[in-house]
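Note sheet for the following structure.
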Amino acid sequence: MWDPKEEHRKKVDEVIYAAEAGDVKLLSRRLGQSKKLLDEKDLNGCTALARAAEAGQGDAVRFLLDQGADLVKCDPSWENALHRASRKGHSAVCKQLLDKGAEAGAANREERTALHHAASNGHAETIQVLVQHGAKPNVADQAGRTPLHLAVAGDKAHAVHALLEVGADVAVKDERGHTALKNASWFMISVMWFHSAATGNVERVKQLLGHQVGNDAGFENLSRALFNPRDRDEDLLRAHKQLINLKHPSMGHSAIGCAILERHEPVARYLLSQDADVHEPGDGRNTPLHLAVRRGSAELVQALVDASDAPSPFDHHLQPRDAANCSSPRAHCSSCDARAHAASRFRRRTQRGAGQ
């Protein structure tokens, strides 16, 4: 016996299948027969547009949008096409939807936006697209968690980088009072640490050391432990030293080296005040003083020299590798090499200036 409801369901399923497969010809044929099928939902509550977006079928998405598909229509969990595309990291499809008027900040039942989905799944490019179209990097879900909370919890390094670039705040707390650092792995701490140093974000460097973000990642009460001998906590001091002098896995430099390379003197000076090691060669050859001679100002070079208790590189009478003036017990002192290089470099500059 012919059942009109079952017949209608078959037509809807054909449209959904065509959208998922990116079969624009089949879509055109079926919608040509009945335009009412455009925004019909499958048994899971998804429209053809949502399924095409989730599958990353750009041509099908474009066709459906041109036909007037509803951008706002949601499934039972209040998720629309943009949510589904962002979860899968289909940046081009997200841009198509946003350019047609999709709301970047639309939230599902848990108050999670497309940016939450992109962050939790590690899609850095999608994060950039969403923020460019108005998504707020510090938007919170039902539990008070921001996209950064989710990216850090999932060890999504590229997503963390992307979020920090667009202004994600490490200090934002969820409803339990936890920042993104609460359960962060050491890997995630190091990712944020080097990003903060290399981009010149002094406040975030301080946060990561425990000055402003308390009770997180083992750095609670760090300031008190560092500067009050009566409250000395050896575990915290070890954690402090480990982070301060941690070396970047590919560059080889510590945070102070990264800051100097990018000419972020305030960060470099702050790390100096926190007893960063200025003697250890970062990449096997160059100490922070080497880098400062090449990249930094004369004042920073002098600050590094002062921190290393060494003769000034501005003494034009300093001879290369003057062992009598070197306090280092090592046979090869890279700090001496750096000071000699600095002296030579500044002599040349002075001579060029005098010649003019």
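Sequential numbering of the sequence shown, starting at 1, is according to the working numbering. Quick reminder that beta carbons are idealized off the backbone N, C-alpha and C, glycines included.
Exercise. Going by the beta-carbon positions, is the gap between V15 and R30 smaller than 7 Å?
Worked result: yes
Exercise. Hey, V129 and V166 are a contact pair by Cβ (cut 8 Å); roughly how many whole angstroms apart?
Worked result: Contact flag wrong, Cβ pair sits at about 11 Å.
Exercise. Using CA coordinates, which residue listed in H253, T146, K88, F63 is at the minimum distance from E125?
Worked result: K88
Exercise. What's the call for L222, buried or exposed, on a 16-neighbour Cβ count within 10 Å?
Worked result: Interpretation of L222 is limited by its pLDDT of 40, a score under 50 that renders its predicted location unreliable; the figure taken from the coordinates is listed afterwards. Buried, since its Cβ has 16 or more Cβ neighbours within 10 Å.
Problem set entry | Nearest to D277 (by Cα), restricted to the options K10, G257, P266, G101 | G257
For this session: Pick helix, strand or coil for V15, following the three-state DSSP scheme.
Result: helix
For this session: Starting from the C-beta of R84, find all residues in its chain whose C-beta is less than 7 Å away, skip the five residues before and the five after it, and write them out in chain order.
Result: A50, A53, E54
Exercise. Do H149 and G122 come within 7 Å of each other at the CB atom, strictly closer than that value?
Worked result: no
Exercise. What are the boundary residues of the alpha helix (DSSP H) that T287 is part of?
Worked result: It is not in any alpha helix (DSSP H) - T287 carries neither H nor E in the DSSP assignment.
For this session: Would you give the residue range spanned by the alpha helix (DSSP H) that P147 belongs to?
Result: 147–153
Exercise. Buried or exposed: G282, going by 16 or more other Cβ atoms within 10 Å of its Cβ?
Worked result: buried
Exercise. If we ignore side chains and look at the alpha-carbon of each, how far apart do Q67 and G22 end up?
Worked result: 15 Å
Exercise. Considering S254, what are the terminal residues of the alpha helix (DSSP H) in which it resides?
Worked result: Counting along the chain, S254 falls outside any alpha helix (DSSP H), and DSSP gives it neither H nor E.
For this session: Tell me whether K41 sits in a helix, a strand or coil according to DSSP, three-state version.
Result: strand
Problem set entry | Anticipated Cβ contact below 8 Å, A81 with D39, distance rounded | Not a contact, Cβ separation roughly 11 Å.
Problem set entry | Cβ neighbour criterion (16 or more within 10 Å) applied to D3 | exposed
Exercise. By Cβ distance below 8 Å, which residues in the same chain neighbour L364 in space, the five residues on each side in sequence not counted?
Worked result: The requested residue 364 is not part of the displayed model; the chain covers only 1 to 356.
Exercise. Going by the CB atoms, is the gap between A135 and L163 shorter than 7 Å?
Worked result: no
Problem set entry | Length of the line joining the Cα atoms of H8 and S34 | 10 Å
Problem set entry | Of the listed residues S91, V72, E79, S86, nearest to G101 (C-alpha basis) | V72
Exercise. When DSSP builds the beta bridges, which residues end up paired with T47?
Worked result: K41
For this session: Would you kindly work out how many angstroms separate the C-alpha atoms of G56 and P147, rounded to a whole number?
Result: 22 Å
Problem set entry | Three-state class that DSSP yields for W78 in the structure shown | coil
Exercise. Three-state secondary structure (DSSP) at P4?
Worked result: helix
Exercise. Which value, in whole angstroms, describes the spacing of the CA atoms of H17 and A151?
Worked result: Strictly speaking, residue 17 in this sequence is Tyr, with His absent from that position. Looking at the two C-alpha atoms, the distance is approximately 32 Å.
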